[in-house]
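The structure appears right after this line, and notes come after that.
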Amino acid sequence: MRNLRLELSKLNHLITFEAAARADNFSRAADHLGVTRVSVSRQITELEEFLGTKLFHRHHRTTSLTQAGRALKSSVGPALNDVAATLQQIKLGAGDTRLSVTATAAFATYWLMPRIVDFNNKYPEVELNLIISDKYLDLDAENVDVAIRYPDMPMTGDHITPLFQETVCPVYSPKYSPRTKLSSPEDLLNENLLSLSGRYRPGAKWPNWFRQVGLSAPRENMGVSVNTYSNMIQAAIEGQGVALGSFPLVDHCIRNGSLMKVPGAPGLTRDTFYLVDQAGGRKNARLFCEWLLAQSP
């Protein structure tokens, strides 16, 4: 059996050699390794003495490989890269069970949270770190593994999967006291409407919905205006008015009876939610994405 301890006694020297062979310059190799040029030169010399042959031609400002140096580089470079890749894969697969997932407040509150207990029951070893933000975070800078995005334009890419398309439809609570029979879109012109203000896209607001069903929107001061979707839906659940609910985000509110659809009021199709897997094949991210897609309508 080969004694690798003896044959690879210069393993640190081989790492230095590989850096120097790529850089063609001992100073640049030293900068890459975070050591001094003297240290690089000394280790290369010791390796050459160990092998009994020169590995580099030393020039004024650069170096070049000898025939022996080229032979060693062709073997050492791929071998070290394979070892580093394997170590990284093992570290990701076995050492880190924490999974960072980002979503908007509305998606997290009304769609993800009611279902997340199912994921926790199936995969208790995965520690979910939910990052709730209505801003599009820089996924790399924030170390986010998985994102649920709702862009105004289609998204494409190998790591991007359409999740579902949104539909908006008028909803109200059994606690709400309507002024009309609430049997047609026209009735909504005389109801207390809960509206979104601020940066939300026109498709989420009443004026667009009324135009799409062939009606003129009521005057702006009718009803209550809020600047977050979550607050608007909560106000609807409390019986304060009629809101444009996002489906399937509020499906569970319909199922549990806290909200009802307005009969005869059509839903309007909007944009698509996308699932973005940034984790590069990590097992925990793959499990979460597969689970999320299975939950989708």
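According to the working numbering, the sequence shown is numbered sequentially starting from 1439.
Think of the CB as a built atom: it goes at the ideal place given N, C-alpha and C, for glycine as much as any other residue.
Source: prediction; values computed, not measured.
Cβ contact annotation for L1627 (same chain, cutoff 6 Å, sequence separation greater than five): P1656, in chain order. DSSP places S1477 inside the alpha helix (DSSP H), whose first and last residues are 1475-1489. At least 9 Å separates the beta-carbon of G1661 from that of E1624.
The shortest CA-to-CA distance from V1664 to any of M1551, R1460, S1635 is the one to S1635. In this structure M1591 is exposed. Its beta-carbon is surrounded by fewer than 16 other beta-carbon atoms within 10 angstroms. Ranking V1476, H1470, A1585 by CA distance to the CA of A1717 puts A1585 first.
In the three-state scheme derived from DSSP, where H, G and I count as helix and E and B as strand, K1448 is classed as coil.
G1515 sits close to R1460, with the two beta carbons spaced by under 9 Å.
Taking C-beta separations shorter than 8 Å and ignoring five residues to either side along the sequence, the partners of L1601 in its chain run I1586, T1710, F1711, Y1712, L1713, L1730, L1731, S1734, following chain order. With respect to the 9 Å criterion, E1487 and F1494 are not classified as neighbours on the basis of their beta carbons. For the segment 1645-1680, the full-length beta strand (DSSP E) segments reaching 3 residues or more read 1662-1664 along the chain. Annotation for N1463: R1499, T1500, T1501 place their beta carbon closer than 8 Å to its own, counting only its chain and skipping 5 residues before and after. Taken through DSSP and simplified to helix, strand or coil, T1501 comes out as strand. With respect to the C-alpha of W1549, the residue from G1595, A1674, L1449, D1689 having the closest C-alpha is D1689. DSSP places L1537 within a strand segment (E or B) once states are collapsed to three.
Under the three-pair Cβ rule at 8 Å, the segment 1451-1459 counts as touching the segment 1469-1485. Taking the Cβ atoms as the reference, L1620 lies roughly 44 Å from D1583, outside the contact range of under 8 Å. Taking a contact to require three or more Cβ pairs closer than 8 Å, the segment 1692-1705 and the segment 1566-1582 do not qualify as touching.
T1504 and R1496 have their C-alpha atoms some 10 Å from each other.
In the structure shown, N1567 falls within a strand segment according to DSSP collapsed to helix, strand and coil.
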